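Residue numbers (the numbering used here), protein chains in the order written: chain A, 10 to 142; chain D, 10 to 142. Ideal placement from N, C-alpha and C gives every residue a C-beta, glycine not left out. Note that this is a predicted model, so its numbers are computed, not measured. Structure first, then comments.
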DNA sequence: ACAAATGACACTATTAATGTATCATTATTC
DNA sequence: GAATAATGATACATTAATAGTGTCATTTGT
């Protein structure tokens, strides 16, 4: 079970580096050196971050990326949404009737309640909150 | 993101049906009719439940499966363990240094704390708790 | 003009999840 | 004791999700 996939992970690391170097424009080339990630993959990821308004991109020589928002406004959930789609712990199971008790079975509500808790916990995490301390 | 995979799901449904029909030996053939799952897949699943001491199996004509333990002793976590391996929300990310703050970054501890909560929530769910009410 | 960067986007590879098939063994029934 | 209906063991196949690559176009600084 993966709460966070590789692309979200790379995105966080890249953003993390960019935050630590605010004021400069950071190129993929530089990021790849720092993060040791596959270059074309990282390009795709950064492009998506651009499209989704997390980063601003600058073309041409000396180009690269800068933050488009403040770190405190970049939520982990945003990134997960971009790379992993809408946050959802699990689909409903028990679609078919196999037991008279089943309609009242607790599994769905248990899962829902777990999902809610995880969501609440995750939804406060921002790029900024990952920095401080 | 899937908390529970298809095989765990089928296993729960099958066990659920078996619980609701305790006293009888239930064959795959009967289960497939009830649950509308692929037969060979369900066979594999039930076999694993047998190997792992959740079910007792009876070969030969009129054979099938019965519970090997009481429903209150069959934990969702047991099933997840069997079909999905050790419970783990996510691997540690941020393996490489990209920022001086990073070693103290909160992501790992956030994930760990989420994992802990989910684990606690899930660990009380048993086949029995899925039945009542 | 050239080099170094991103934009757009199609393609490929790998892995995990899901599902199938087959032959052997066991037990019941006639 | 043969037929039937079940599981045991195990290898194989398919599908979907994840991860990663490649290419051509465009932009910009020197």
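Return the chain-ordered list of same chain residues with a C-beta closer than 8 Å to the C-beta of residue i, the five sequence neighbours on each side being excluded.
i                      : result
residue 39 of chain A  : 73
residue 129 of chain D : none
residue 135 of chain A : 80, 81, 82, 83, 84 and 85
Out of curiosity, what's the CA-to-CA distance linking residue i and residue j?
i                      : j                      : result
residue 54 of chain D  : residue 80 of chain A  : 47 Å
residue 48 of chain A  : residue 58 of chain A  : 15 Å
residue 10 of chain D  : residue 20 of chain A  : 18 Å
residue 139 of chain D : residue 137 of chain A : 41 Å
residue 67 of chain A  : residue 117 of chain D : 32 Å
residue 71 of chain A  : residue 30 of chain A  : 15 Å
residue 32 of chain A  : residue 46 of chain D  : 58 Å
residue 18 of chain D  : residue 28 of chain D  : 15 Å
residue 69 of chain D  : residue 133 of chain D : 36 Å
residue 22 of chain D  : residue 56 of chain A  : 43 Å
If the criterion is Cβ atoms closer than 9 Å, does the pair residue i and residue j meet it?
i                      : j                      : result
residue 144 of chain D : residue 60 of chain A  : Lying before the first or after the last residue shown, residue 144 of chain D is absent from chain D, which here runs from 10 to 142.
residue 26 of chain A  : residue 44 of chain A  : yes
residue 86 of chain A  : residue 24 of chain A  : no
residue 96 of chain D  : residue 131 of chain D : yes
What does DSSP give as the partner residue(s) for residue i in the beta ladder?
i                      : result
residue 66 of chain A  : A:74
residue 35 of chain A  : A:74
residue 135 of chain D : D:84
Please return the same chain residues whose Cβ sits closer than 6 Å to the Cβ of residue i, not counting the five positions on each side in sequence.
i                     : result
residue 75 of chain A : 34 and 65
Can you give me the Cβ contacts of residue i inside the same chain, cut-off strictly under 7 Å, excluding the 5 residues immediately before and after it?
i                     : result
residue 98 of chain D : 120, 123, 124 and 127
residue 16 of chain A : 54 and 92
Answer yes or no: the CB of residue i versus the heavy atoms of the ligand GDP, is any distance below 8 Å?
i                      : result
residue 127 of chain D : The model on display carries no ligand, and the ligand GDP is accordingly not part of it.
Counting pairs of beta carbons, one from the region 78-93 of chain D and one from the region 35-49 of chain D, are three or more of them closer than 8 Å? Fewer than three Cβ pairs drawn from the region 78-93 of chain D and the region 35-49 of chain D lie within less than 8 Å of each other, which leaves the two stretches out of contact.
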